[in-house]
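Engineer: Submitted below is the structure of interest, expressed as structure tokens.
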Amino acid sequence: MKPRPSVGRRAISRRRCTTCSPARGKFDYKLNHLKAKITPLVSPEGDIFCKVMLGAEATLESALSGEDISTPAALHRLEREMNEAIGSDLKSALEKSQAAGADILELGQRLEWRYPRLWARLKNKWMQVYGKEVRFKVKTDIRVTHMEGGA
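According to UniProt numbering, the residues represented by the sequence shown are 1 to 151, in order.
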């Protein structure tokens, strides 16, 4: 039997992405050292949230843009756009998992560990609760740490 990966913090080595903006152009980058922290939270009113924090270093591989991205201000704008795009894509994927009834982050298991009494009440109807009641809060911290020659 294969060992299961850690569910508290996962690291993914590399992922290629593209950010396109009609005003700024197209940027291809590789995400390195991805780290995610997934935390279930329950509000005093009983609402269930899943806080997802994703961090990574980015290597800018190409920039098809007239903008000089070597200036700190332009680089910060690009990082902000990258964070918004990745955060939006992640939130969309999580919402699709809810519609499909697939607890891809194993949030039920995390709730059981962190809130055992709540889990005892929810476990028999978890997929219904996951699909309709869980809300996601996604935060990303992507930083451009390298630029390759063509970028």
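Cβ atoms here follow ideal geometry from the backbone N, Cα and C, with glycine treated the same way.
Can you grab the Cα-Cα spacing for the pair residue 140 / residue 83, in whole Å?
Structural biologist: 6 Å
Engineer: Could you pull the start and end residues of the alpha helix (DSSP H) that residue 134 belongs to?
Structural biologist: Residue 134 -> no alpha helix (DSSP H), and no H or E assigned at all.
Engineer: Can you check the UniProt domain "Spore germination GerAC-like C-terminal" (29-146) for any beta strand (DSSP E) of at least 3 residues that lies completely inside it and give the ranges in chain order?
Structural biologist: Correct list: 48-64.
Engineer: If we call anything under 9 Å between Cβ atoms a contact, is residue 49 one with residue 135?
Structural biologist: yes
Engineer: Would you check if the distance between the CB atom of residue 97 and the CB atom of residue 86 is smaller than 9 Å?
Structural biologist: no
Engineer: Quick one: using the 10 Å Cβ neighbour count with 16 as the cut-off for buried, is residue 31 buried or exposed?
Structural biologist: buried
Engineer: Could you give the C-beta distance for residue 34 and residue 56, rounded to a whole number, given that I count them as a contact under 8 Å?
Structural biologist: 4 Å
Engineer: Expressed to the nearest angstrom, what Euclidean distance is found between the alpha-carbon atoms of residue 127 and residue 64?
Structural biologist: 44 Å
Engineer: Indicate whether residue 108 and residue 123 have their beta-carbon atoms separated by less than 9 Å.
Structural biologist: Yes, these two residues count as a Cβ contact at 9 Å.
Engineer: If we ignore side chains and look at the alpha-carbon of each, how far apart do residue 79 and residue 117 end up?
Structural biologist: 41 Å
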